[in-house]
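Here the structure comes first, spelled out in structure tokens, and everything after it is commentary.
In this note's numbering, the protein residues as written are 23 to 357.
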């Protein structure tokens with residue numbers, strides 16, 4: 023058995039715009055209901071970058087970052103029976119109370135006291151950590167860990183697509199990681215023609231390779247319309263206005279992007295044409311399971327989302343690369 027180190031390294035944002043590798047003592051043995059993990063790959067999310075640069079509506083540095091991770095089990099607590107050392111898992115970073123009406127109804131993403139690792143709780147970006155077993159999802163042995171690392175953002179897309187009732191003609195505004203995950207999820211759900219609007223040409227080309235019928239620059243958005251479902255993955259005032267205009271009467275507009283401030287909605291059109299406006303907040307555990315299953319079955323060609331894989335020693339450069347306009351998903355090799 024390989025000897026465990028005395029200390030771990032964690033990726034932290036000590037202040038706005040700063041990325042640091044910080045040494046900490048090795049975590050204690052896992053508690054009865056905990057599992058000790060050794061992360062394999064960490065995904066960098068656009069929301070992580072919002073925190074780093076002071077654009078998140080609720081969270082500011084200092085923070086230990088990270089909420090997208092695939093990891094190996096190192097040890098399990100005495101009461102843990104679902105997982106074993108050596109097994110790969112995905113961490114669900116949404117930590118809820120487990121007892122409120124929303125949690126009891128199977129909608130933990132509605133829990134008013136929920137906190138997310140990497141934001142209001144310490145993140146998973148460390149070389150070892152202890153996590154409650156209830157937060158974990160098993161990864162099939164045949165699924166490559168780099169693909170498994172995409173399960174969390176794919177779960178966001180799967181959940182968002184599940185919010186719309188009619189997918190016969192779909193528009194996605196924003197072709198970053200989440201917009202492309204919505205595209206993949208919509209195709210998995212059997213959606214009709216899917217259009218996407220994205221300012222970066224390389225991302226438009228990627229969207230076409232992933233199955234979009236058409237990929238438009240933003241200036242074309244005002245000419246698009248009659249969609250049964252529109253997914254706004256930006257949530258700027260301008261995109262919300264255009265999303266409402268592009269949604270057909272009786273259709274659904276799903277807001278997936280995280281706004282940094284309050285937004286106005288064009289109520290006269292929404293009311294007159296009975297357009298539903300729905301929020302999509304993260305996912306439920308079943309969405310993560312669905313993402314893992316689709317990846318393992320080869321039903322989602324998600325590997326094309328990976329722009330780069332950087333070693334842990336290059337964490338600062340990895341976050342800089344993740345912020346580049348043509349970057350989609352940068353992974354950090356935590357080994």
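Yeah, the Cβ is synthetic: ideal placement off N, Cα and C, and Gly gets one too.
Check, Outcome
"Rounded to the nearest angstrom, what separates residue 228 and residue 206 at their Cα positions?", "11 Å"
"Leaving aside the five residues before and after residue 347 along the sequence, list all residues of the same chain whose C-beta is less than 6 Å from its C-beta, in chain order.", "222"
"If you check the beta carbons only, do residue 26 and residue 33 fall under 8 Å apart?", "no"
"Quick one, which of 54, 90, 72 has its alpha-carbon nearest residue 177's?", "90"
"Are residue 107 and residue 97 closer than 8 Å when you measure CB to CB?", "yes"
"Going straight from the alpha carbon of residue 256 to that of residue 56, what length do you get?", "36 Å"
"Which partner residues of residue 274 appear in the DSSP bridge assignment?", "251, 298"
"Please go through the region 79-105 and give each complete beta strand (DSSP E) segment of 3 or more residues, from N-terminal end onward.", "90-98"
"Please report the distance separating the alpha-carbon of residue 271 from that of residue 143.", "41 Å"
"Determine the direct distance from the alpha carbon of residue 323 to that of residue 232, and round the result to whole angstroms.", "7 Å"
"Within the chosen definition, does the region 160-167 reach the region 178-195 through at least 3 CB pairs nearer than 8 Å?", "no"
"For the structure I just gave you, are there three or more beta carbon pairs, one from the region 63-80 and one from the region 206-217, closer than 8 Å?", "no"
"Residue 274 and residue 300 look like a contact to me (Cβ under 8 Å); what is the Cβ gap, rounded to whole Å?", "6 Å"
"For residue 105, collect the residues of the same chain with a Cβ closer than 8 Å to its Cβ; drop the 5 residues on either side in sequence, then sort them by chain order.", "57, 95, 98, 111, 155, 158, 160"
"Just the C-alpha distance for residue 288 and residue 263, rounded to the nearest angstrom, thanks.", "7 Å"
"Taking residue 258 as part of the alpha helix (DSSP H), name the residues at either end of that continuous run.", "Premise fails: residue 258 is in no alpha helix (DSSP H) and is neither H nor E."
"Considering only residues of the region 168-196, which uninterrupted alpha helix (DSSP H) runs meet the minimum length of 4 residues and lie entirely inside it, listed in chain order?", "173-185"
"Measuring straight from C-alpha to C-alpha, what distance separates residue 230 and residue 237?", "7 Å"
"Taking only the alpha-carbon atoms, compute the straight-line gap between residue 88 and residue 204 and give it to the nearest angstrom.", "21 Å"
"Taking only the alpha-carbon atoms, compute the straight-line gap between residue 336 and residue 62 and give it to the nearest angstrom.", "15 Å"
"Buried or exposed: where does residue 28 fall if 16 or more other Cβ atoms within 10 Å of its Cβ makes it buried?", "exposed"
"Relative to the C-alpha of residue 45, which candidate in 35, 31, 53 has its C-alpha closest?", "31"
"On the DSSP letters alone, give me the boundaries of the alpha helix (DSSP H) that residue 343 sits inside.", "337-344"
"Measuring CA to CA, which of 113, 141, 51, 59 is closest to residue 85?", "141"
"Using C-beta distances below 8 Å, list every residue in its chain close to residue 307, excluding the 5 sequence neighbours before and after it, in chain order.", "114, 130, 159"
"For residue 322, does the three-state DSSP call read helix, strand or coil?", "coil"
"Name the two residues that bound the continuous beta strand (DSSP E) containing residue 34.", "29-35"
"Pick out whichever of 66, 53, 51 has its Cα sitting closest to the Cα of residue 327.", "66"
"Give the straight-line distance between the Cα atoms of residue 36 and residue 102, rounded to the nearest whole angstrom.", "34 Å"
"Quick one: grab the DSSP three-state call for residue 20.", "Because the chain is modelled from 23 through 357, residue 20 falls outside the range shown and cannot be assessed."
"Comparing alpha-carbon positions, which option in 259, 265, 225 lies nearest residue 244?", "265"
"How far does the alpha helix (DSSP H) with residue 229 in it reach, from first residue to last?", "223-231"
"Between residue 310 and residue 73, what straight-line distance do the alpha-carbon atoms span, to the nearest angstrom?", "24 Å"
"Would a C-beta distance cut-off of 8 Å place residue 64 and residue 292 closer than the cut-off?", "no"
"Straight-line CA distance for residue 338 to residue 172?", "21 Å"
"Look at the alpha carbon of residue 40 and the alpha carbon of residue 250, and state the distance between them as a whole number of angstroms.", "42 Å"
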